[in-house]
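Engineer: Here it is: the structure, laid out below.
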Amino acid sequence: MSINIEEAKSILKKYGQEHILNSYEKLDDHYKKSLLNQIETMDFELINSLYKNTDKKEKNENDEITPIDYLDKYKLKDEYKYYENIGKKAIRGKKLAAVTMAGGQGTRLGHDGPKGTYDIGLDSHKSLFELLSDTLKEEGKKYDVTIPWFIMTSKENNKDTIEFFEKHKYFGFQKDKNIFFFNQGELPMVNTEGKILIGENGLIKQAADGHGGIYESLVKTGMVKKMKELGIEWVFIGGVDNCLVKMVDPVLMGIAIDKNVTVACKSVVKANPHEKVGVFCKRNGRPNVIEYSEITDEMAEARDKNGELLYGESHILCNLFSIEAIERMGASPLPYHVAFKKASYLDENGELVVPDSPNAYKFEAFLFDAFAAVDEMAVLRVKREEEFAPVKNADSVGIDCPKTARELYKKFYHID
Ligand code: UTP
Numbered sequence: 006m007s008i009n010i011e012e013a014k015s016i017l018k019k020y021g022q023e024h025i026l027n028s029y030e031k032l033d034d035h036y037k038k039s040l041l042n043q044i045e046t047m048d049f050e051l052i053n054s055l056y057k058n059t060d061k062k063e064k065n066e067n068d069e070i071t072p073i074d075y076l077d078k079y080k081l082k083d084e085y086k087y088y089e090n091i092g093k094k095a096i097r098g099k100k101l102a103a104v105t106m107a108g109g110q111g112t113r114l115g116h117d118g119p120k121g122t123y124d125i126g127l128d129s130h131k132s133l134f135e136l137l138s139d140t141l142k143e144e145g146k147k148y149d150v151t152i153p154w155f156i157m158t159s160k161e162n163n164k165d166t167i168e169f170f171e172k173h174k175y176f177g178f179q180k181d182k183n184i185f186f187f188n189q190g191e192l193p194m195v196n197t198e199g200k201i202l203i204g205e206n207g208l209i210k211q212a213a214d215g216h217g218g219i220y221e222s223l224v225k226t227g228m229v230k231k232m233k234e235l236g237i238e239w240v241f242i243g244g245v246d247n248c249l250v251k252m253v254d255p256v257l258m259g260i261a262i263d264k265n266v267t268v269a270c271k272s273v274v275k276a277n278p279h280e281k282v283g284v285f286c287k288r289n290g291r292p293n294v295i296e297y298s299e300i301t302d303e304m305a306e307a308r309d310k311n312g313e314l315l316y317g318e319s320h321i322l323c324n325l326f327s328i329e330a331i332e333r334m335g336a337s338p339l340p341y342h343v344a345f346k347k348a349s350y351l352d353e354n355g356e357l358v359v360p361d362s363p364n365a366y367k368f369e370a371f372l373f374d375a376f377a378a379v380d381e382m383a384v385l386r387v388k389r390e391e392e393f394a395p396v397k398n399a400d401s402v403g404i405d406c407p408k409t410a411r412e413l414y415k416k417f418y419h420i421d
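In the numbering used here, the protein residues as written are 6 to 421.
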């Protein structure tokens, strides 16, 4: 049972968020109850402390950054087959599940609807979801298994995503048998005065808590339990917006199993030293990803004795985890990073305000922050043209956009 209005007032007073009840009387009973429930379950201490940190620069300038070792898939020679055989055996043994992170807002692409429903303009007019489902089914066939597919949505796009899958008969998967949907967590958005925003529906305005929320959501929503029931030991986690994502890779799996690591990640070499991508590194001796904005020109251009970039392995959100690693990572929250975004809201008079410039803080966790909890991790360099065709921006931007992804996809699949 939810708290009553007086109890809600007293909680909000304590945290200086009394405005949240401004439109309470205008709400119908269902929404009144939902709002009280939000107030009861909200971690206001956390929100206040996140807001207090918004004016502080992230304290990482004293971190010790060093290069990380990696393997190049196409320089493996004899070990290639060796790892591949180990991986194939595990896949045939139904030890692998695939997770697609589809909870992002896709603001840069500007598509009206979940990003996975986007048609990149192939003659087939297949959506990103369908392109991903095609590869997953094809790969499964090679090993005579159906790889279970788990799709992470946000509260905002969950309904539309499931309706889309329903309309397409789950692309041949069976709901709750080999395809599962789960929601990621959310955090409220806060204005520059630290006040929590109220959304158009009169409730607290929340936004997805970043792709780093995945571990906690996999655990909290019972997906890890489900995976264990299915006998899964390894989980590939990738983004929805890479139409060449290779979710089933026996070499990657073989390396993880043989080297006894709990996380194995794929990288592609940077297109040029100054490409704006995060790269794998060691931070204070632990595996991590360093953002392009954190790297000096000198570091970005530094090369090893073979002429390879020391910080050249881009993180492409193609990562394999043991199920124990996910459980461990899901047990404690990751740090949150702050982004300043445009967000519409109801003002103190209950009027809708649609800003034309950023007005609110959004808090997000990054998936790769969890790598720091791992002692050793494998990084496998793969070929960009085979595995990485991101759809991030609108075509007008010209890079990582539907046009470039479509060209890469067609080239890979030899489509004219
Ligand atoms: P991006 O960081 O590129 O974000 O997500 P985005 O939301 O798709 O796009 P922008 O930044 O708003 O333009 C990389 C992957 O992580 C997923 C996305 O769906 C995409 O597959 N993601 C991101 C989530 O699942 N949840 C999040 O909260 C954020």
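We put the beta carbon where it would ideally sit given N, CA and C, even for glycine.
Note that the structure is predicted; figures quoted are calculated from it, not measured.
How would you call G177, buried or exposed, if buried means at least 16 neighbouring beta carbons within 10 angstroms?
Structural biologist: G177 comes out exposed.
Engineer: Am I right that Y20 and E318 are in contact with their C-beta atoms under 8 Å? What's the rounded C-beta distance?
Structural biologist: Y20 to E318, Cβ: 43 Å. No contact.
Engineer: Tell whether a beta-carbon distance below 8 Å holds between E369 and H342.
Structural biologist: In this structure, H342 lies closer than 8 Å to E369 by Cβ.
Engineer: Name the one or two DSSP bridge partners that N293 has.
Structural biologist: According to DSSP, which records beta bridges pairwise, N293 is partnered with C286.
Engineer: Can you find a CB in chain C that lies within less than 8 Å of the CB of G244?
Structural biologist: Among the chains in the structure shown there is no chain C, since it carries only a single protein chain.
Engineer: Which same chain residues end up closer than 7 Å to D309 when comparing Cβ atoms and leaving out the 5 residues on each side of it in sequence?
Structural biologist: Taken in chain order, the residues that qualify are L315.
Engineer: How many Å lie between H419 and S138 at the Cα?
Structural biologist: Approximately 19 Å between the Cα atoms of the pair.
Engineer: Return helix, strand or coil for K228, following the three-state DSSP convention.
Structural biologist: Reading off the sequence, residue 228 comes out as Met, not Lys. Three-state DSSP puts M228 in a helix.
Engineer: With DSSP collapsed to three states, give me the class of N247.
Structural biologist: N247 falls in the strand class under three-state DSSP.
Engineer: If you draw a straight line from the alpha carbon of A383 to that of H320, how long is it in whole angstroms?
Structural biologist: Distance between the alpha carbons of A383 and H320: 12 Å.
Engineer: Is it buried or exposed for E499, if we count other Cβ within 10 angstroms and need 16 for buried?
Structural biologist: Any question about residue 499 goes unanswered here, given that the chain covers just 6 to 421.
Engineer: Can you grab the Cα-Cα spacing for the pair V266 / Q110, in whole Å?
Structural biologist: About 32 Å.
Engineer: Do you know how far the Cα of S337 is from the Cα of D214?
Structural biologist: Each residue's Cα considered, the two are about 14 Å apart.
Engineer: For the segment 203-212 against the segment 234-247, do three or more pairs of beta-carbon atoms, one drawn from each stretch, fall closer than 8 Å, so that the two count as touching?
Structural biologist: These segments do not touch.
Engineer: Rounded to the nearest angstrom, what separates K172 and I184 at their Cα positions?
Structural biologist: Spanning the two alpha carbons is a distance of roughly 15 Å.
Engineer: So, I201 versus V195, is the Cβ gap smaller than 8 Å?
Structural biologist: Going by C-beta atoms, I201 is nearer than 8 Å to V195.
Engineer: Could you pull the start and end residues of the beta strand (DSSP E) that H320 belongs to?
Structural biologist: Run containing H320: 318-327, per the beta strand (DSSP E) assignment.
Engineer: Which word fits D405, buried or exposed, when buried means at least 16 other C-beta atoms lie within 10 angstroms of its C-beta?
Structural biologist: It is buried - the Cβ of D405 has at least 16 other Cβ atoms within 10 Å.
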